[in-house]
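Reminder that position 90 of the sequence shown reads as 81 in the numbering used here, one-by-one numbering, no gaps. All residues carry an ideal CB built from backbone N, CA and C; glycine is no exception. Some notes on the structure that comes next.
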Amino acid sequence: MDPESIVLLSFLSCVALMAAAILLPQFINVFLLAAIAMAMTGLFHARIMQLRKRQTLVCLTESLKCLEQGKPAVYPKKESGWLTGTEEMFLACSRRMADAARKEQALVDNALDVICTIDSNNQFLSVNSSCVRILGYNPEELIGKRFVEFLVQADVRQSLEDMIGSSKSLNQWSVENQWRKKDGRVIDLLWSAHWSSNYDTLFCVIHDITLRKKAERRLAESEQRLRMILDGIPLGIALITLDDIVAYANPALGQMTGYVPSALMSERLTIFFSGSRSDTPTFEQGVCETYFVKRTGETFPVELIKSHFNSREQETSLLVISDISERLRIEQMKHEMVAMLGHELKSPLTSLKTMLGMLSEGTFGKLSETAVEMLIATEREINRMVKLINELLDVEKMKTGNFSVSPQTVPLSSVILSSIEAVRYIAESRKISIIEQLQETTVYADGSRIIQVMVNLLSNAIKFSTASGTIVLSSKVEESHVIIQVTDHGRGIKTENLDLIFDKFKQAENSDSRYHGGTGLGLPICKMIVEKHGGQMGVESQYGRGSTFWFTLPLCESRSLNYVSESSEGVIPMESRS
């Protein structure tokens, strides 16, 4: 109740008491005293309310001043009276402001980055607690100090210029510099700041980018080392973008083509060819041989190795270019020499073999038993030499691509029987039995070449089998091909040598060529013959238990699907060879 209402109520009460005193004279003294008391009470209560009102207003004023200065507010006591609503609204507003201030301070104190304010003299005004972890100093050690005192000397000038420029333009700015911590360590910082002209203060957020800068420096050093390596490689190196633009060319490529490497940048890949995109070889990852055009217009053969990788900017292709002019010249000389030697050696050996045959038959008279044995040994060595020459010629044909087969419809049994007959004498001399487990079928193959394969496999099986042993020759018809297997129970092949057995000039053991003869060319030639038929060849072996060599041939009815002129890819599953 407000003071005016209290005074009016007291006045009405006094009038009522005085009227009662006139109407009832015998109680006049009592009513007069009561009226006087009531009047005094009303006036006294009104005075108290006025004093409380003034005190409340003073308290509100002081609280507002505290809030303005950022100090804790002095909240007025909640009393009943005319100012109760105002008090409650003030209390609610001040509490919300205090809560907001606490939340804001909590965000600043718990921020991972350093949040600070700097005045126009470059001095710290406030710093949050993250400065201990990042900058290496307590807030008390920084407040009042100029921030440039802690920077590496080389970064002071640029940082001051950026700050002055920000204060003049009132723009946000960022700068990277190095800060020296109390323990002497130097860290990299990123400053993001904004100058406030209202407070004449620079508000800053400082982020530690030491790890990022170290990673960038390591990456730059790695790229520099890589560039030095690429520049020193004697092979031509080029980086090509997806749209065939040269992004990098090393000095070796410049020497190879006659261009300055820097002049090749941003040029199209067609610059190395005739100038038109249609003459550019189209190939994915892998190796190809083509011709480059020099700056002078001269062409030369090159080998290109292309691979794709993703760089930081975009997908890029790496080209490794080799000038193969000298290699092709040497290979041509080698091919010509081998062909010449093959012809020059085979002719006299053939004549010598004929002459020995006539001698052994007694054409020039009867020979002694010792002489016949010497003639047989000599003829055997001549045959070995002829075989070696033929194998070398076959290898050269493989390299030049002149090796071919002439497949036709052939009964498998006739090929197998001819092969067994060719090695029968050798097998009988060692008392080795050849067991046949064949499924009759017709294949599409070059009979003479397949006999060559079979004879080689059977000869090896006989060579490495124990005396009086057995060799199993079997076949199994699948959907579109037949699998032919030659199994012996001899020494076997070590696991580490299985992958090398079909390489040129390789044998299962280093001593095999000395004790058993052979050049290491037979199996590679056999594999090449089988692949020319569209088949595959492999070996399974357990050391000490024997080996199984297998190969596949297309059936006659599936020749259109299986026969190819080049070697096929893929492997027959193990279960298909059982």
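Look at Tyr282 here: in three-state DSSP terms it is strand. The C-alpha of Gly135 is placed about 34 Å away from the C-alpha of Cys84. Under the rule that a run must span 3 or more residues, the beta strand (DSSP E) segments found entirely inside the stretch 97 to 141 read 105 to 110 and 115 to 118.
DSSP places Asp437 in the coil class of the three-state scheme, outside both helix and strand. At a Cβ-Cβ threshold of 7 Å, Gly481 and Gly537 count as neighbours. Burial check for Thr341: the Cβ neighbour count within 10 Å stays below 16, so the residue is exposed. Under the three-state reduction of DSSP output, His185 falls in the strand class. One alpha carbon belongs to Glu372, the other to Thr457, and they sit about 24 Å apart.
Counting along the chain, the unbroken beta strand (DSSP E) around Glu306 starts and ends at Glu306 to Asp314. In this structure the stretch 395 to 409 lies against the stretch 429 to 448, because at least three pairs of beta carbons, one per stretch, are closer than 8 Å. Straight across, the Cα-Cα distance linking Gly348 with Leu366 is about 8 Å. Within the model, the alpha-carbon separation for Leu449 versus Arg415 is close to 10 Å. Taking one beta carbon from each stretch, the stretch 137 to 144 and the stretch 162 to 180 have 3 or more pairs nearer than 8 Å; the two touch. Ranking Cys279, Asn301, Asn381 and Leu384 by CA distance to the CA of Val293 puts Cys279 first.
Rounded to the nearest whole angstrom, the C-alpha separation of Gln443 and Ser410 is 8 Å. One thing to note: Ile492 has its Cβ no nearer than 7 Å to the Cβ of Asp479. In terms of Cα proximity to Ile417, the closest of Leu429, Thr432 and Ala452 is Ala452. Residue state for Leu193 is assigned as strand, using DSSP reduced to three classes.
In the three-state reduction of the DSSP assignment, Met256 falls in the coil class. Comparing C-alpha distances from Ser424 to each of Phe138, Arg208, Leu464 and Trp186 shows the shortest one belongs to Leu464.
Counting along the chain, Asp479 sits inside no alpha helix (DSSP H); it lies in the beta strand (DSSP E) bounded by residues His472 to Asp479. Going by C-alpha positions, Val177 is about 14 Å away from Val147. Around the beta-carbon of Gln527, 16 or more other beta-carbon atoms lie within 10 Å, marking it buried. Within the same chain, Thr461, Ile462, Val463 and Leu464 come within 8 Å of Ile426 by CB-CB distance, once the 5 residues on both sides are set aside. One thing to note: Leu180 has its Cβ no nearer than 7 Å to the Cβ of Ile155. Counting C-beta pairs closer than 8 Å gives three or more between the stretch 185 to 196 and the stretch 101 to 116, which meets the contact rule.
According to DSSP, residue pairing for Glu167 in a beta bridge involves Leu181. The residues Tyr282, Phe283 and Val284, in chain order, have a CB closer than 8 Å to that of Thr290 in the same chain once the five nearest residues on each side in sequence are set aside. Apart from the 5 residues on each side of it in sequence, Ile484 sits with its Cβ closer than 8 Å to the Cβ of Ile492, Ala499, Val530, Ser532, Tyr534 and Ser538 in its chain, given in chain order. Between Pro402 and His472, the C-beta gap is not smaller than 7 Å, which leaves the two residues out of contact. For the 7 Å CB-CB criterion, Val468 and Gln430 form a contact. DSSP places Tyr250 in the coil class of the three-state scheme, outside both helix and strand. Taking a 10 Å sphere around the C-beta of Phe300, we find fewer than 16 other C-beta atoms and assign the residue as exposed. Leu230 has Tyr239 and Leu309 as its beta-bridge partners, per DSSP.
With contacts defined as CB atoms closer than 7 Å, Ser120 and Val105 fail to qualify as a contacting pair.
In the structure shown, Thr400 falls within a strand segment according to DSSP collapsed to helix, strand and coil.
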